[in-house]
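Numbering-wise (this note's numbering), the sequence shown opens with residue 1 and increments by one. Heads up, the beta-carbon is just placed ideally off N, CA and C, and yes, glycines get one too. Notes for the one structure printed next.
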Amino acid sequence: MSTTTAAPVTKGIVIAVVREQAPGEQRVASVPEVVQKLTKSGYEVRIEHDAGAGAYYPDDLYAAAGARIVTGRADLLQGATIVLCVQPPSVADVEMLAEGTIVIGFMNPASSLSTVARMRDRRITAFALELVPRITRAQSMDALSSQATAGGYAAAILGADNCPRFLPMLTTAAGTIRPATVLILGAGVAGLMAIATAKRLGAMVEAYDVRRAAGEQVRSLGAKFLELAINAEGQGGYARELTAEEKVQEQQMVSAAVARSDIVITTAAIPGRKAPVLITKETVATMRPGAVIVDLAAETGGNCELTESGKTVKVHGVTIIGPQNLPARVAYHASQMYAKNLQSFLSLLVGKDGALTREFTDEILAASLLVHAGEVRHRPTLDLISGGKP
Ligand SMILES: NC(=O)c1ccc[n+]([C@@H]2O[C@H](COP(=O)([O-])OP(=O)(O)OC[C@H]3O[C@@H](n4cnc5c(N)ncnc54)[C@H](O)[C@@H]3O)[C@@H](O)[C@H]2O)c1
1 MSTTTAAPVT KGIVIAVVRE QAPGEQRVAS VPEVVQKLTK SGYEVRIEHD
51 AGAGAYYPDD LYAAAGARIV TGRADLLQGA TIVLCVQPPS VADVEMLAEG
101 TIVIGFMNPA SSLSTVARMR DRRITAFALE LVPRITRAQS MDALSSQATA
151 GGYAAAILGA DNCPRFLPML TTAAGTIRPA TVLILGAGVA GLMAIATAKR
201 LGAMVEAYDV RRAAGEQVRS LGAKFLELAI NAEGQGGYAR ELTAEEKVQE
251 QQMVSAAVAR SDIVITTAAI PGRKAPVLIT KETVATMRPG AVIVDLAAET
301 GGNCELTESG KTVKVHGVTI IGPQNLPARV AYHASQMYAK NLQSFLSLLV
351 GKDGALTREF TDEILAASLL VHAGEVRHRP TLDLISGGKP
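If you want it as structure tokens, here you go:
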């Protein structure tokens, strides 16, 4: 019996995976399992030395998957066709890239304008994963969702870890313990994962979202959905901003729910805007001592008025945690999911003939193309860079 091995198709494409340099970033853009698939398809894969160390993927696993371990950023990036990253590259990284290099990762464009401008000037092609449209065909490359899943899980664990109570109901010889009450504000991807995790830990879970459609998903996880007589579902399934009157109604209902909770996890966000304040300092004063707030919106202004990004503060005996980069706390699986998102994204860039496309007409590529051929292609970023000037 003769066996045939499929010949590698992707000849001459060099993929470089960087070691993340942002403080506290433990994730890596590719994992050995995915690297193996890429090398088998004929890509040449280079990994920066210790790139996976923070997520517990040692160099030798990448080497066994067919990657070359490279020490030193310049050697890694020189001659790379595609660079994979989690966080946006630094300006110094961009200086090392040849014209036409493709960079794929979270680009955080509004806070990385100098990098964006440098990529434009050096004619780099950059795809921003946060701009991938949330259409069915793009689900496998939706890194916002995969990382929000990791963040929601980590938030529930962080809340439980800082809570002085048991979460489940216990009936013991030493008495009966009532289950803790966990409130989730914002039931998008992260919020739903936080609900599922808190339920598994045995808590009584309540949740609220301005989008009424979220109610069904919340109830399907066995949690109680708090309802207002308004629906603030806006364009593309995201929330719209509430009117002043709606905000008062929301505030009253949310405040009452917060006051009876042991753990509150907030994930409310409106794309491109500062996070809405859902918990005022007056509401915090009504909470039980020992209660915990985990504010996932800390990095975009916070859902609680007293949140300090990157810090844990105690006010009236209430612990308020403003975590940064929660997905990095579960770096092993967050990296695995992210790597699969990137693998899927790459399949759009490389045709069945193994050739790299330079025509980014596919809807997903076109939407996520941030910089290309000396131009910033994402209008809101272009407006920020040019300061409103044409
Ligand atoms: N491929 C897909 O089709 C796909 C993939 C991912 C997400 N989605 C949908 O996109 C939407 C947004 O998901 P996300 O997790 O990125 O959201 P997000 O991170 O932008 O916001 C988190 C949640 O906060 C809610 N929120 C905003 N203001 C609020 C307020 N004042 N009070 C309470 N809650 C508030 C939002 O409605 C959202 O559910 C959801 O409908 C989700 O199901 C679709």
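Is residue i near residue j, with beta carbons less than 8 Å apart?
| i | j | result |
| --- | --- | --- |
| alanine 196 | leucine 167 | no |
| alanine 18 | valine 83 | The sequence given here places valine at residue 18; alanine does not occur at that position. Cβ distance < 8 Å, so valine 18 and valine 83 count as in contact. |
| asparagine 303 | serine 146 | no |
| isoleucine 124 | valine 371 | yes |
| tyrosine 43 | isoleucine 13 | yes |
| alanine 110 | leucine 384 | yes |
| valine 45 | isoleucine 69 | no |
| alanine 29 | glycine 105 | yes |
| alanine 65 | threonine 39 | yes |
| alanine 180 | isoleucine 263 | yes |
| valine 318 | methionine 287 | yes |
| alanine 275 | alanine 259 | no |
| leucine 348 | threonine 81 | no |
| glutamate 130 | leucine 144 | yes |
| isoleucine 177 | methionine 169 | yes |
| threonine 149 | valine 189 | yes |
Does ligand 1 have even one heavy atom less than 7 Å from the beta-carbon of residue i?
| i | result |
| --- | --- |
| valine 210 | yes |
| aspartate 142 | yes |
| threonine 267 | yes |
| threonine 136 | yes |
| isoleucine 270 | yes |
| proline 323 | no |
| glycine 175 | no |
| serine 146 | no |
| proline 380 | no |
| glutamine 251 | no |
| leucine 185 | yes |
| glutamine 235 | no |
| leucine 228 | no |
| proline 289 | no |
| glutamine 139 | yes |
| tyrosine 238 | yes |
| glycine 188 | yes |
| proline 58 | no |
| proline 276 | yes |
| alanine 155 | no |
| alanine 214 | yes |
| glycine 301 | no |
| glycine 191 | yes |
| leucine 242 | yes |
Using a Cβ-Cβ cutoff of less than 6 Å, which residues in the same chain neighbour residue i once the five nearest sequence positions on both sides are dropped?
| i | result |
| --- | --- |
| isoleucine 230 | Glu246 |
| threonine 4 | Unreliable positioning characterises threonine 4 in this predicted model, as indicated by a pLDDT of 44, which lies under 50. A coordinate reading is not provided. |
| isoleucine 265 | Ala155, Gly159, Ile184, Ala194 and Val294 |
| phenylalanine 360 | Ala366 and Leu369 |
| valine 205 | Val182, Ile195, Ala198, Lys199 and Ala223 |
| tyrosine 332 | Ala55 and Tyr56 |
| tyrosine 238 | Pro271 |
| valine 210 | Ala232 and Ala239 |
| methionine 141 | Val132, Asn341, Ser344 and Phe345 |
| proline 380 | none |
If I measure Cβ to Cβ from residue i and keep anything under 8 Å in the same chain, skipping five residues before and after, which residues do I get?
| i | result |
| --- | --- |
| alanine 207 | Leu183, Ile184, Leu185, Ala187, Gly191, Ile195, Ala214, Val218, Ala223, Lys224, Phe225 and Leu226 |
| valine 31 | Gly52, Ala55, Tyr57, Ser335, Gln336 and Ala339 |
| alanine 138 | Val132 and Ile364 |
| alanine 257 | Leu183, Glu206, Tyr208 and Leu226 |
| threonine 172 | none |
In chain order, what residues of the same chain lie with their CB nearer than 7 Å to the CB of residue i, ignoring the 5 residues before and after it?
| i | result |
| --- | --- |
| valine 94 | Thr115, Arg118, Met119, Arg122 and Ile124 |
| glutamine 26 | Gly54, Ala55, Ala328 and Ala331 |
| leucine 228 | Gln249, Glu250 and Met253 |
| threonine 300 | Ala269, Lys274 and Ala275 |
| alanine 373 | Arg123 |
| glutamate 375 | Arg120 |
| glycine 24 | Gln324, Asn325 and Ala328 |
The stretch 326-342 contacting the stretch 304-316, beta-carbon criterion three pairs below 8 Å: Because the criterion of three Cβ pairs below 8 Å is not met, the stretch 326-342 and the stretch 304-316 do not touch.
For the pair the stretch 20-31 and the stretch 81-100, tell me if three or more CB-CB distances fall below 8 Å. Of all C-beta pairs linking the stretch 20-31 to the stretch 81-100, three or more are shorter than 8 Å, placing the two stretches in contact.
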